[in-house]
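Heads up: the structure comes next, in structure tokens.
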Amino acid sequence: KAGVTQTPRYLIKTRGQQVTLSCSPISGHRSVSWYQQTPGQGLQFLFEYFSETQRNKGNFPGRFSGRQFSNSRSEMNVSTLELGDSALYLCASSWAGTENTEAFFGQGTRLTVV
Amino acid sequence: QKEVEQNSGPLSVPEGAIASLNCTYSDRGSQSFFWYRQYSGKSPELIMSIYSNGDKEDGRFTAQLNKASQYVSLLIRDSQPSDSATYLCAVKSPAMYYGGSQGNLIFGKGTKLSVKP
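Going line by line, the protein sequences match chains A and B.
Taken in order, the first sequence gives residues 7 to 120; the numbers are from the numbering used here.
Taken in order, the second sequence gives residues 13 to 129; the numbers are from the numbering used here.
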């Protein structure tokens with residue numbers, strides 16, 4: 007069974023640009039969450055998508071957005087990149103059948119803003 | 013503000029010893045608890061999940077949960093150098109689950125474990 011797939015693995019962008027990251031969840035998983043990981047702040051929740059709708063949102067500015075498609079694949083977008091957006095962006099997928107389900111992470115996208 | 017606290021370490025143990033990793037959480041309503049292992053430069057990998065008070069064992073790993081004390085721990089028996097990694101404690105509250113939505117996990121900053129040969 008394939009795991010969570012994130013593309014691309016690495017990105018280098020310039021301040022002010024925008025970027026789109028992609029996540030394909032485990033087959034059958036309908037919940038996709040995005041996290042940002044930095045050395046100073048650790049892992050922080052960005053947002054969750056389920057059934058093509060954003061269900062939960064963390065404390066990040068509106069420059070961070072996302073969407074989910076009918077096949078559960080998800081994308082996140084960061085506009086007007088800042089140096090502080092440099093981080094490892096992780097996608098996690100969960101089976102949404104019950105409350106106590108586990109989240110599995112993809113390999114992440116390492117974003118560097120210069 | 014819901015918080016999850018872990019000692020940052022590093023925690024150093026000799027090969028073959030028991031490594032004990034601890035985590036406390038602030039939200040008394042939390043119901044789901046997870047331990048992830050993260051090697052340097054890699055993504056977090058789920059090791060254990062625990063939902064009820066008591067112990068849960070899986071191979072060399074034992075998770076322990078005490079909801080009254082708001083405390084969860086991970087024991088690694090017969091520690092190996094390959095266990096050297098950062099261990100992340102994550103907590104989810106039931107209020108975050110709605111109609112299939114899984115809400116979000118709140119992570120501690122992680123404990124760095126070093127197992128010396």
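Glycine included, each C-beta is placed from N, C-alpha and C at the ideal position.
Looking at the secondary structure, which residues open and close the beta strand (DSSP E) in which residue i lies?
i         : result
Phe-46/B  : 44-50
Ala-80/B  : From DSSP, Ala-80/B is part of no beta strand (DSSP E); its letter is neither H nor E.
Thr-44/A  : 37-44
Ser-100/A : 93-100
Ala-102/B : 97-104
Glu-66/B  : The sequence shown places Gly at residue 66/B, rather than the Glu named in the question. Its beta strand (DSSP E) spans residues 66-70.
Ile-59/B  : 57-62
Ile-18/A  : 16-19
Asn-34/B  : 31-37
Gln-60/A  : 59-63
Gln-47/A  : Counting along the chain, Gln-47/A falls outside any beta strand (DSSP E), and DSSP gives it neither H nor E.
Pro-26/B  : 23-26
Val-84/A  : 80-84
Gln-92/B  : Here Gln-92/B belongs to no beta strand (DSSP E), and DSSP marks it neither H nor E.
Val-119/A : 115-119
Ser-28/A  : 25-30
Val-10/A  : Unbroken run through Val-10/A: none, as it is neither H nor E.
Lys-128/B : 123-128
Gly-72/A  : 70-74
Going along chain A in order, which residues have a C-beta closer than 8 Å to the C-beta of residue i?
i         : result
Pro-56/B  : Leu-49, Leu-96 and Phe-111
Tyr-63/B  : Asn-106
Gly-122/B : Gly-48
Leu-23/B  : Under the 8 Å cutoff, chain A gives no residues; its nearest Cβ is about 17 Å from Leu-23/B.
Could you work out which residues of chain B lie near residue i, taking near to mean beta carbons separated by less than 7 Å?
i         : result
Gly-114/A : Ser-55
If the cut is a Cβ gap below 8 Å, which residues of chain B does residue i touch?
i        : result
Ser-33/A : By Cβ distance, chain B contributes nothing, its closest Cβ being about 17 Å from Ser-33/A, past 8 Å.
Please check the pair residue i and residue j, which I expect to be a contact at CB under 8 Å, by giving their CB distance rounded to whole angstroms.
i         : j         : result
Pro-26/B  : Ser-126/B : Not really, about 10 Å apart at Cβ, beyond 8 Å.
Tyr-16/A  : Arg-116/A : 5 Å
Ser-93/A  : Gln-43/A  : Note on identity: in this sequence residue 93/A is Ala, with Ser being the wrong assignment. That belief holds up - the Cβ atoms of Ala-93/A and Gln-43/A are roughly 6 Å apart, short of 8 Å.
Leu-58/B  : Phe-46/B  : 6 Å
Gln-50/A  : Gly-72/A  : With a Cβ gap of about 15 Å, Gln-50/A and Gly-72/A do not count as contacting.
Ser-85/B  : Gln-76/B  : 5 Å
Ala-102/A : Ser-39/A  : About 11 Å; that fails the 8 Å criterion.
Asn-106/A : Tyr-63/B  : 5 Å
Phe-75/A  : Glu-58/A  : 7 Å
Val-103/B : Tyr-37/B  : 5 Å
Lys-124/B : Ser-20/B  : 7 Å
Whose Cβ in chain A lies nearer than 7 Å to the Cβ of residue i?
i        : result
Ser-20/B : Ordered by position in chain A, no residue passes the 7 Å Cβ test against Ser-20/B, which lies about 10 Å from the chain.
Ala-77/B : Before going further, note that residue 77/B is Leu rather than Ala in the sequence given. Those do not exist, as Leu-77/B stays about 13 Å from chain A at its closest Cβ, beyond 7 Å.
So with CB distances below 9 Å, who are the chain A contacts of residue i?
i         : result
Leu-125/B : Per Cβ cutoff of 9 Å: no residues; Leu-125/B is ~16 Å from chain A at best.
Leu-100/B : Gly-48 and Leu-49
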